[in-house]
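No gaps in the numbering here: position 299 of the sequence shown is 298 in numbering that gives the first Met the number 0, and each next residue is one more. C-beta: ideal position from N, C-alpha, C; glycine also. It should be emphasised that the depicted structure is a prediction, and the values quoted were computed from it without experimental measurement. Let me begin by presenting the structure, written as structure tokens, before commenting on it.
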Amino acid sequence: MTTPSSEQDKLVRVLARGDVLALAFGAMIGWGWIVLTGNAIQSAGSIGAILAFIIGGLAIVLVGLTYAELASAMPKVGGEHVYSYRALGHLSSFLCTWAIILGYLSVVAFEAVALPTVIEHLAPNYAVGHLWTIAGWEVKASWVAVGVGGSLAMMIINYFGVTTAALLQKVVTSLILLVGVLFITGALFEGEAINMMPLFTQADSGVVAGIVAVLVMVPFLFVGFDVIPQAAEEINLPYKAIGKVLMMSVILAVVWYALIILATSLALNNTQLAASTLSAPDAMGSLFNAPWASNLMVLAGIAGIITSWNAFYIGGSRAIYALAKAGMLPALFAKLHPRYKTPTNAIFLMGFLSSIAPFFGRPALVWIVNAGGLGIVIAYLFVAISFVVLRVREPEMPRPFRIRYGKLCGTLAIILSLGMACLYLPGSPAALSGAEWSIFAGWSLLGVALYIHALRKYGRAYSDQHMMADL
């Protein structure tokens, strides 16, 4: 019988400090800040939106601290898969990793729709060739072609090795940072404080509801630092440095989002925000009073699409590879390319799912993104619980990056992860819709079926033997 261990090749450690930082930071600042900044300000007010991102960012920092310690202690491919297995066992490990894969796939699908959408702002009316209508959205052939083409390009880049993907990540992330610094500097000198009114939402729903509406965006916008643990076996750094770089990426992302909201609210008043479809580019154009400035920000948004897309191809394919290698998914996904040392079949699967996403149109992808957000939060919860369990059960385990007050930090991370998960439940201002719950339920059922199939084919003993050998 063929088992996942039939593939003898190993992942190679080639990622340097700059590669890792660009990978995580670039993943967290994708396209969302271009389109969602205005919505956040309108939902919670300028200061309310900044406060929501700081609160959500603190929650992510606490979760990130648990990741940082565990990633330095167990620098193995799969990240969450390894931590939850050691702390909670076989089934929990699968559930945790399956949940984060849904989150990764939701981002990859989102980017496949974001790219053709943003192209419309550079080449208006390019979308032609009506195919069908889904949820009121007319799916056009040329629009689909751009999304599919972009996804296939990202797949090919990742196929040829993580070094190629990392180089792309560094170059494109640098472009985003340059444009961002130009935007923020321009807002501080040319923006007007009066534009920031109202500081907090004055709608009937109230201040708290407005902040909560923004908070629910946080898991989706900050997902990406966890790509570092997924690619841990490809990072060529001291183990302690892995934890430090992970935390640096999270803090940089919190600062980035807060400053982008501040700059946008200084540049555009509430009426202008309401009329804007792409708030950050419109704010940039207003500050510099030139179309080129707006287009430059759109290009930065495209760069964000590329960095996020690229990072989640890496993270998602490594998570799938880790499950398959442990005998929890079919063995074909545990195959590494003999030359490029990439999990080729896992990358092909990511590419296929990303390529079909544009065929469903923009509204349907919102359902997938929201369902994926719940998957991300569930994985965070599993990791936080694993962190606390290991602190209690294995206090002497070597931890190169050991955080102070670990049990308190882990407990707070559990509470905050539970709190974020509750935002998706019925009764919350940001509860999932019926379609989104259907997607989450369907993904869960698919996972159960694959898990049972893998157990019957390879047996739990194989997984245990493989995992314990690594641990």
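Alpha-carbon to alpha-carbon, residue j and residue i
{"i": "Trp-442", "j": "Gly-374", "result": "10 Å"}
{"i": "Val-376", "j": "Ala-370", "result": "10 Å"}
{"i": "Ile-250", "j": "Met-27", "result": "11 Å"}
{"i": "Ala-122", "j": "Ala-98", "result": "37 Å"}
{"i": "Met-195", "j": "Ala-266", "result": "8 Å"}
{"i": "Pro-329", "j": "Ala-453", "result": "6 Å"}
{"i": "Arg-12", "j": "Ser-307", "result": "22 Å"}
{"i": "Thr-36", "j": "Ala-274", "result": "13 Å"}
{"i": "Leu-348", "j": "Leu-101", "result": "13 Å"}
{"i": "Met-153", "j": "Val-297", "result": "19 Å"}
{"i": "Leu-57", "j": "Ala-257", "result": "12 Å"}
{"i": "Leu-445", "j": "Arg-459", "result": "19 Å"}
{"i": "Lys-9", "j": "Ile-156", "result": "20 Å"}
{"i": "Arg-338", "j": "Ser-173", "result": "29 Å"}
{"i": "Leu-411", "j": "Gly-55", "result": "13 Å"}
{"i": "Ser-248", "j": "Gly-405", "result": "20 Å"}
{"i": "His-465", "j": "Pro-394", "result": "24 Å"}
{"i": "Leu-166", "j": "Val-19", "result": "11 Å"}
Contacts around residue i, its chain only, beta-carbon distance under 7 Å, and the 5 residues preceding and following it disregarded
{"i": "Gly-17", "result": "Lys-169"}
{"i": "Ser-40", "result": "The identity of residue 40 in the sequence shown is Ile, whereas the question assumes Ser. The answer, listed in chain order, is Ala-48, Ile-260, Thr-263, Ser-264, Leu-272."}
{"i": "Gly-482", "result": "What the structure shows of the chain is the stretch from 0 to 470, and residue 482 is not part of that stretch, so it cannot be assessed."}
{"i": "Lys-239", "result": "Ser-71, Pro-399, Phe-400"}
{"i": "Leu-364", "result": "Ala-108, Phe-109, Val-112, Ala-356"}
{"i": "Ser-462", "result": "His-89, Ala-325, Gly-326, Met-327"}
{"i": "Met-396", "result": "Ala-72, Leu-389"}
{"i": "Met-119", "result": "Per the sequence shown, residue 119 should be read as Glu rather than Met. Taken in chain order, the residues that qualify are Tyr-125, Ala-126."}
Within-8 Å CB hit, residue i to chain B
{"i": "Ala-86", "result": "Absent from the structure is chain B; it holds one protein chain and no more."}
Same chain, Cβ closer than 6 Å to residue i, neighbours up to 5 away in sequence not counted
{"i": "Pro-362", "result": "Ala-134, Trp-136"}
{"i": "Ala-345", "result": "Ser-316, Ile-319, Tyr-320, Phe-332"}
{"i": "Glu-6", "result": "With a pLDDT of 45 at Glu-6, under the threshold of 50, the predicted position of this residue should be treated as unreliable, and no value is reported."}
{"i": "Gly-44", "result": "Pro-197, Leu-198, Phe-199, Thr-200"}
{"i": "Glu-189", "result": "Leu-286"}
Nearest neighbour of residue i, chosen from the options [CA to CA]
{"i": "Ser-83", "options": "Pro-329, Leu-198, Pro-228, Ile-301", "result": "Pro-228"}
{"i": "Ala-368", "options": "Phe-439, Ala-208, Gly-190, Ile-53", "result": "Looking at the sequence provided, one finds Val at residue 368 rather than Ala. Selected option, being the one with the closest Cα: Phe-439."}
{"i": "Ser-91", "options": "Leu-236, Ala-378, Cys-408, Ala-453", "result": "Ala-378"}
{"i": "Val-81", "options": "Thr-306, Tyr-256, Ala-230", "result": "Ala-230"}
{"i": "Ala-192", "options": "Asn-269, Val-117, Met-246, Gly-223", "result": "Asn-269"}
{"i": "Leu-245", "options": "Ile-53, Leu-277, Lys-9, Glu-68", "result": "Glu-68"}
{"i": "Leu-422", "options": "Leu-214, Val-117, Leu-50", "result": "Leu-214"}
{"i": "Leu-380", "options": "Trp-30, Ala-23, Ile-59, Ala-51", "result": "Ile-59"}
{"i": "Trp-32", "options": "His-129, Ala-252, Gly-405, Leu-352", "result": "Ala-252"}
{"i": "Ala-212", "options": "Arg-403, Ser-42, Ser-432, Leu-61", "result": "Ser-42"}
{"i": "Ser-354", "options": "Val-145, Leu-94, Val-34, His-129", "result": "Val-145"}
{"i": "Leu-187", "options": "Leu-277, Met-283, Trp-366", "result": "Met-283"}
{"i": "Gly-242", "options": "Thr-276, Val-62, Ile-118, Trp-366", "result": "Val-62"}
{"i": "Met-216", "options": "Trp-436, Tyr-457, Ala-420", "result": "Ala-420"}
{"i": "Val-147", "options": "Ala-164, Pro-115, Leu-277, Thr-96", "result": "Pro-115"}
{"i": "Gly-185", "options": "Thr-96, Gly-25, Ala-289", "result": "Ala-289"}
C-beta atoms of residue i and residue j nearer than 8 Å
{"i": "Ala-292", "j": "Leu-286", "result": "yes"}
{"i": "Phe-199", "j": "Ile-46", "result": "yes"}
{"i": "Glu-232", "j": "Lys-75", "result": "yes"}
{"i": "Thr-343", "j": "Tyr-103", "result": "no"}
{"i": "Ser-150", "j": "Gly-350", "result": "yes"}
{"i": "Ile-313", "j": "Val-171", "result": "no"}
{"i": "Asn-235", "j": "Ala-23", "result": "no"}
{"i": "Ala-434", "j": "Ile-210", "result": "no"}
8 Å Cβ shell around residue i - same chain, five flanking residues per side excluded
{"i": "Ala-86", "result": "Ile-384, Ser-385, Phe-386, Val-388, Leu-389, Arg-392"}
{"i": "Arg-496", "result": "Absent from the structure is residue 496, since the part of the chain shown begins at 0 and ends at 470."}
{"i": "Thr-341", "result": "Asn-157, Tyr-158, Phe-159, Gly-160, Val-161, Ser-316, Leu-335"}
{"i": "Val-206", "result": "Ala-43, Gly-44, Gly-47, Phe-199, Thr-200"}
{"i": "Ser-432", "result": "Trp-366, Asn-369"}
Proximity test, residue i beta-carbon vs the ligand SAM heavy atom, cut-off 7 Å
{"i": "Ala-111", "result": "Because no ligand of any kind appears in the structure shown, any question about the ligand SAM cannot be addressed here."}
Sufficient close CB pairs (3 or more, under 8 Å) joining the stretch 404-424 to the stretch 127-142: Because the criterion of three Cβ pairs below 8 Å is not met, the stretch 404-424 and the stretch 127-142 do not touch.
Stretch pair the stretch 175-183 + the stretch 316-331: three plus CB contacts closer than 8 Å: No, they do not touch.
Sufficient close CB pairs (3 or more, under 8 Å) joining the stretch 441-459 to the stretch 319-333: The way I'd put it, the stretch 441-459 does touch the stretch 319-333; three or more beta-carbon pairs between them come closer than 8 Å.
At least 3 beta-carbon pairs within less than 8 Å: the stretch 290-307 vs the stretch 422-436: Result no; under three Cβ-Cβ pairs closer than 8 Å.
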